[in-house]
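Sequence lines, in order, name chains A and B.
The first sequence: position 19 = 19 (the numbering used here), numbered continuously.
Position in the second sequence (from 1) plus 1000 gives the number in the numbering used here.
See structure below.
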Amino acid sequence: MTAALPLVLTVFVACAVEAIEALTIVLAAGLTRQWRSTFQGMAAALVVLAAIVGVLGPTITLLPLTALRLVVGALLAIFGLQWLRKAILRATGYKALHDEASAYLREVAAAKAAPEVAKRGVSDWYAFTLAFKGVLLEGLEVVFIVITFGDNQRNLGAAVVGAAIAVVVVTVAGIAVRAPLAKVPENALKFVVGIMLTSFGTFWGAEGAGVKWPGSDAALLVIVPVVALVSLGYAAWLRRARRVNAAAGPQAQVSQTEGVTS
Amino acid sequence: MLRALKSFGAFWYDFVIGDDWHVAAIVVAALALTALLVHVAGVNAWWLVPLAAFAALAWSLRRATAGKS
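Here it is in structure tokens:
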């Protein structure tokens, strides 16, 4: 169980972030439109997700471990680097922070403006499609993380446990507050998930390419902190560059003005 | 039909590749080079993928922030 703890924790944090985003969309649809069509949309998305897991899960486990690690490692590293990139740009002010409260208000405004249309046995098609898309898109990321981490560690059960706990915790918290979970430090969580996905992706990808890591699995204990330190270093570098640019901006304007007046 | 295929492709491109395809290209190239070094040259190049990942991230961040303050 102790050996599976890092796997459970990684999957838990990654899936919690996705569940928070899905919850924001579902709440916007349910509270402003109608819960019946929202739940139908959620249920339809969960059926599609279950079908994807049913097809992908057994197919992936048929792959030999080396090929699996190469493909999945590459995908995880790419995924992780994109998460890190976004988290660093948001932490340094180059990209707006993902704010669940304002995302919720945007969805609510759009939901209120849309007309109520009944279609294919669903009384409110807008609420249905909103909930369906939100749960399917965020759910796909959960499925990707659970299958890749679970299969690579040959412990799909532990990955499913991590994801299930995350979804239950976020759902219960959402029902309790009946509002988007705006106080969760989402960018910090995304930063941590980016570090974990990049580290595991790098480790498995290189192993799949034939590398023997010094220290075998223990190399991860070095890779994770190194990826974290480098990422924090990049964030510090961008913050410094932003400050320097901001300070140089007015000076450059003054020298330009001086150049014009002299 | 064509529009549905296009949006299906765009969805998976956005899902897997994301905002900057250069990152994905560097990661794939680094893995291919690592496999070559290991299997052809006999070099245990465990350091190559992490270095490429750090370089890809730095380059992508620099491109994203160039000209912005």
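Each residue gets a CB set at the ideal place from its N, CA and C atoms; glycine is no exception.
Q | Contact with chain A by A1041 (chain B), beta-carbon distance below 8 Å | A | Taking Cβ atoms only, chain A never reaches closer than 8 Å to A1041 (chain B), which makes this a no.
Q: Note down the Cα distance separating V53 (chain A) from R243 (chain A), rounded to an integer number of angstroms.
A: Going from the Cα of V53 (chain A) to the Cα of R243 (chain A) covers about 47 Å.
Q: Could you give the DSSP three-state label for K1006 (chain B): helix, strand or coil?
A: Three-state result, K1006 (chain B): helix.
**Q.** Assigned exposure category for D1020 (chain B) - 16 Cβ within 10 Å defines buried
**A.** With 16 or more Cβ atoms within 10 Å of its Cβ, D1020 (chain B) is classed as buried.
**Q.** chain A within 8 Å of W1059 (chain B), Cβ atoms only
**A.** No - not a single Cβ of chain A is within 8 Å of the one on W1059 (chain B).
**Q.** Contact set between the region 1008-1019 of chain B and chain C, restricted to residues whose Cβ is under 9 Å from the partner
**A.** Among the chains of the structure shown, chain C does not appear; the protein chains present are A and B.
Q: Identify each residue in the region 1026-1037 of chain B for which the Cβ-Cβ distance to at least one residue of chain A is less than 7 Å, and report them in chain order.
A: Here the close residues are V1027, V1028, L1031, T1034, A1035.
Q.
Using beta carbons (cut-off 8 Å, strictly below), is Y94 (chain A) in contact with chain B?
A. Judged by the 8 Å Cβ criterion, Y94 (chain A) is in contact with chain B.
Q | Where V8 (chain A) sits in the DSSP three-state scheme | A | Three-state DSSP puts V8 (chain A) in a helix.
Q. Residue range of the alpha helix (DSSP H) that K133 (chain A) falls in?
A. 125-152 is the extent of the alpha helix (DSSP H) around K133 (chain A).
Q | F144 (chain A) classed as buried or exposed, judged by whether at least 16 other C-beta atoms fall within 10 angstroms | A | With 16 or more Cβ atoms within 10 Å of its Cβ, F144 (chain A) is classed as buried.
Q. Within this structure, are the beta carbons of A206 (chain A) and T1034 (chain B) separated by less than 8 Å?
A. Against a cut-off of 8 Å, the Cβ pair of T1034 (chain B) and A206 (chain A) comes out as a contact.
(Q) Residues in the same chain with beta-carbon distance under 7 Å from T261 (chain A), minus the five sequence neighbours each way, listed in chain order, please. (A) Caution is warranted here: a pLDDT of 34 is assigned to T261 (chain A), below 50, making its placement in the model unreliable, and the coordinate value is therefore given only provisionally. If we look at T261 (chain A) and ignore the five residues flanking it on each side, it has no Cβ neighbours.
Q: From the DSSP output, read off the bridge partner residues of V170 (chain A).
A: Looking at the DSSP assignment, V170 (chain A) forms no beta bridge with any residue, so it has no partner.
**Q.** Classification of T198 (chain A) by the beta-carbon crowding that lies within 10 angstroms, buried from 16 upward
**A.** Taking all protein chains in view, the Cβ of T198 (chain A) is crowded by 16 or more other Cβ atoms within 10 Å, so the residue is classified as buried.
Q. In its own chain, which residues sit with a C-beta less than 8 Å from the C-beta of E258 (chain A), not counting the 5 before and 5 after it?
A. Any reading at E258 (chain A) needs caution, since the residue's pLDDT is 40, under 50, leaving its predicted position unreliable; the model's value is listed next. The answer is none, since no qualifying residue turns up.
Q. Span of the alpha helix (DSSP H) holding L65 (chain A)?
A. Following the DSSP letters along the chain, one finds L65 (chain A) inside the alpha helix (DSSP H) bounded by residues 65-91.
Q: List the residues of chain B whose Cβ lies closer than 8 Å to the Cβ of I25 (chain A), in chain order.
A: Within 8 Å Cβ-Cβ: nothing; I25 (chain A) doesn't reach chain B, min ~16 Å.
Q: Under 8 Å by Cβ, that's how I've got G41 (chain A) and A127 (chain A) pegged, so tell me the actual separation to the nearest angstrom.
A: Contact annotation, G41 (chain A) with A127 (chain A): C-beta distance approximately 7 Å; criterion of less than 8 Å satisfied.
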